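A.B. asks: In terms of my numbering, the sequence shown opens at residue 57 and continues consecutively.
Beta carbons are placed, not taken as given, at the ideal position from N, Cα and C, and that holds for glycine.
This one's a predicted model, so the numbers in the text were calculated from it and none came from an experiment.
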Amino acid sequence: MWLEGFEPSANAPEAWAEIEFDEEFGAVGKFVPRGFDAYVRVLHPVDVGGNGETMRWSEVAARFGTVIHPEVQWHRIIGSDDPDAQWEGGKCPRRGTLKPHMFARVLDALARGGKADLVTVGFWPGTGLGNPGQTPLSERERDEAYSTRGWREAYYFRGPLDELRASMPGGGATTEWGYLPNVAWPDSREWFTFSEIDYDSTIVGCSADAARSLLADKELETVEVGPESNLAYLADKIN
């Protein structure tokens with residue numbers, strides 16, 4: 057396995073088989089199970105230059121006279137009706153995953169004071185893991201990790217949370233993973249993270265303490281949401 061200690065786990069989505077997910081299109085509860093104390097939406101930063109420079113959504117909103125709220129949509133911030141709208145020649149948030157150092161901060165907040173030791177991670181094949189000439193996975197590993205159950209088709213792996221964190225920037229690993237999971241949860245089920253490939257934010261279901269840590273982290277741009285909050289492109293009724 058390209059991440060030490062992780063093994064293919066195609067049956068992983070069955071861990072949530074008895075949990076009822078919402079059916080409403082775009083609802084937080086369609087992607088993250090109900091039952092957590094709190095839900096936090098982490099807004100993916102706006103890429104504004106080839107040197108890694110980013111801006112917060114709130115900075116862009118201030119320029120347009122729009123506001124940040126739980127169901128805010130990027131295209132509405134910049135005054136467009138087009139969900140694929142970009143600002144000033146291509147500036148927009150990354151879809152599908154957080155930046156690695158930000159996902160690392162999310163993991164740190166979730167792991168602090170928790171009991172989680174083993175974690176399951178899922179990757180949409182479009183990340184490159186499904187491409188024979190690009191993937192670090194063997195054919196056997198791809199076969200044993202692939203599942204069409206749950207959220208989307210994905211490759212699932214299970215292993216130590218410490219190893220996952222170590223693979224992130226600043227985690228101490230000699231080589232970084234190179235891929236970020238679209239979905240992750242520990243065996244203890246004390247939290248759940250989800251990054252829909254077409255969305256520009258990551259949703260976290262977690263304890264109240266973990267949510268407070270995420271909301272207080274100045275390196276992240278976050279808003280508190282609920283399972284009934286909607287993230288579909290027509291959901292922003294304020295801007």
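1) Output yes or no for whether 7 Å exceeds the beta carbon distance between Leu299 and Trp247.
2) So which of Ala94, Glu280, Ser285, Thr249 has the shortest CA-CA distance to Asp164?
3) State the Cα-Cα distance for the pair Trp72 and Leu290, rounded to the nearest angstrom.
4) Grouping DSSP H, G and I as helix and E and B as strand, with all else coil, what is Ala288?
5) Does any CB atom of chain D fall closer than 7 Å to the CB of Leu290?
6) Compute the Euclidean distance between the alpha carbons of Gly178 and Asp218, then round it to the nearest angstrom.
7) DSSP state of Trp113, grouped into three classes?
8) Can you say whether Pro149 is buried or exposed, counting buried as having 16 or more other CB atoms within 10 angstroms of its CB?
9) Taking 7 Å as the threshold (C-beta atoms), are Arg208 and Trp180 in contact?
10) Do you know whose CA, among Ser194, Phe62, Asn67, lies nearest Thr296's CA?
11) Report the three-state DSSP secondary structure of Arg196 (helix, strand or coil).
12) Hey, His125 and Ile253 are a contact pair by Cβ (cut 8 Å); roughly how many whole angstroms apart?
13) Just confirm the distance between the C-beta atoms of Arg97 and Ile259, as a whole number of angstroms; I'd bet it's less than 8 Å.
14) Based on the DSSP secondary-structure assignment, which residues constitute the bridge partners of Asn214?
15) For Glu284, tell me which candidate among Ala94, Ser136, Pro69, Glu70 has the shortest Cα-Cα distance.
16) Please classify Asp137 as buried or exposed, where buried requires at least 16 other C-beta atoms within 10 Å of its C-beta.
17) Just to confirm before moving on: does the CB-CB distance between Trp183 and Tyr235 stay below 7 Å?
18) Measure the alpha-carbon distance for Asp256 versus Ala264 and round it to whole angstroms.
19) Rank Gly82, Arg245, Leu193, Arg221 by C-alpha distance to the C-alpha of Pro64 and give the top, closest one.
20) I'd like the list of long-range same chain contacts for Ala371, defined as Cβ closer than 7 Å, with 5 residues on each side in sequence excluded.
21) Could you name the residues of the same chain whose beta carbon sits closer than 7 Å to that of Ser251, not counting the 5 residues immediately before and after it, in chain order?
22) Could you please give the first and the last residue of the uninterrupted alpha helix (DSSP H) stretch that includes Ile133?
23) Over what stretch of residues does the beta strand (DSSP E) that includes Gly261 continue unbroken?
24) Since I believe Asp273 is in contact with Arg161 (beta carbons under 8 Å), could you give me their beta-carbon distance rounded to a whole number of angstroms?
25) Using the Cα positions of Arg196 and Pro216, report the straight-line distance between them to the nearest angstrom.
26) CB-CB under 8 Å to Trp143, same chain, minus the five flanking residues each way: which ones, in chain order?
C.D. replies: Looking at the coordinates:
1) The first residue shown for the chain is 57 and the last is 295, placing residue 299 beyond what the model contains.
2) By 1-based counting over the sequence shown, the position of residue 164 is 108. The residue with the shortest Cα to Cα distance from Asp164 is Thr249.
3) The residue labelled residue 72 in the question sits at position 16 within the sequence shown. The residue labelled residue 290 in the question sits at position 234 within the sequence shown. If you take the alpha carbons of Trp72 and Leu290, they lie about 29 Å apart.
4) Against the sequence shown, residue 288 aligns to sequence position 232. Coil.
5) The question asks about chain D, but that chain is absent: this structure has only one protein chain.
6) For the purposes of this step, residue 178 is taken as the residue at position 122 of the sequence shown. For the purposes of this step, residue 218 is taken as the residue at position 162 of the sequence shown. Their backbone Cα atoms lie some 17 Å apart in a straight line.
7) Locating residue 113 in the sequence shown gives position 57, where the first residue counts as 1. Three-state result, Trp113: helix.
8) In the sequence shown, the residue the question calls residue 149 occupies position 93. So Pro149 ends up on the buried side.
9) Here residue 180 refers to the residue found at position 124 when the sequence shown is read from its first residue. Here residue 208 refers to the residue found at position 152 when the sequence shown is read from its first residue. Yes.
10) The structure shown does not extend to residue 296, since the chain is modelled only from 57 to 295, so the question has no answer here.
11) Stepping through the sequence shown from its first residue, residue 196 is reached at position 140. Of the three classes helix, strand and coil, the one that applies to Arg196 here is helix, per DSSP.
12) As a working note, residue 125 is residue 69 in the sequence shown. As a working note, residue 253 is residue 197 in the sequence shown. Contact doesn't hold; Cβ gap of about 24 Å is too wide.
13) The residue you call residue 97 lines up with position 41 of the sequence shown. The residue you call residue 259 lines up with position 203 of the sequence shown. The beta-carbon distance between Arg97 and Ile259, rounded to whole angstroms, is 6 Å. This is short enough to meet the 8 Å contact definition.
14) Looking up residue 214 in the sequence shown gives position 158. Contrary to the premise, residue 214 reads as Arg rather than Asn in this sequence. DSSP lists Glu63, Thr176 as partners of Arg214.
15) Here residue 284 corresponds to residue number 228 of the sequence shown, with the count starting at 1. Cα-wise, what sits closest to Glu284 is Ala94.
16) Taking the first residue of the sequence shown as position 1, residue 137 is located at position 81. Exposed, by the Cβ-count rule.
17) Taking the first residue of the sequence shown as position 1, residue 183 is located at position 127. Taking the first residue of the sequence shown as position 1, residue 235 is located at position 179. Reading the sequence as shown, one finds Thr at residue 183 and not Trp. It is a contact, given that the beta carbons lie within the stated cut-off.
18) Working through the sequence shown from its first residue, we reach residue 256 at position 200. Working through the sequence shown from its first residue, we reach residue 264 at position 208. Cα to Cα, Asp256 sits roughly 24 Å from Ala264.
19) For this step, residue 64 is matched to residue 8 along the sequence shown. The residue with the shortest Cα to Cα distance from Pro64 is Leu193.
20) Any property of residue 371 remains undetermined from this structure, which presents the chain solely from 57 to 295.
21) Translated into positions along the sequence shown, residue 251 becomes position 195. Contacts found: Gly152, Thr153, Leu154, Asn238, Thr258.
22) Against the sequence shown, residue 133 aligns to sequence position 77. Residues 130-133.
23) As a position in the sequence shown, residue 261 is number 205, starting the count at 1. Looking at the DSSP string, the run of the beta strand (DSSP E) that includes Gly261 is 257-262.
24) What you label residue 161 is simply residue 105 of the sequence shown in a count that begins at 1. What you label residue 273 is simply residue 217 of the sequence shown in a count that begins at 1. That pair is a contact at about 6 Å.
25) Counted from its first residue, the sequence shown places residue 196 at position 140. Counted from its first residue, the sequence shown places residue 216 at position 160. Roughly 21 Å separates the two Cα atoms.
26) The residue given as residue 143 occupies position 87 in the sequence shown. Excluding positions up to five away in sequence, the list reads Val102, Val116, Ile134.
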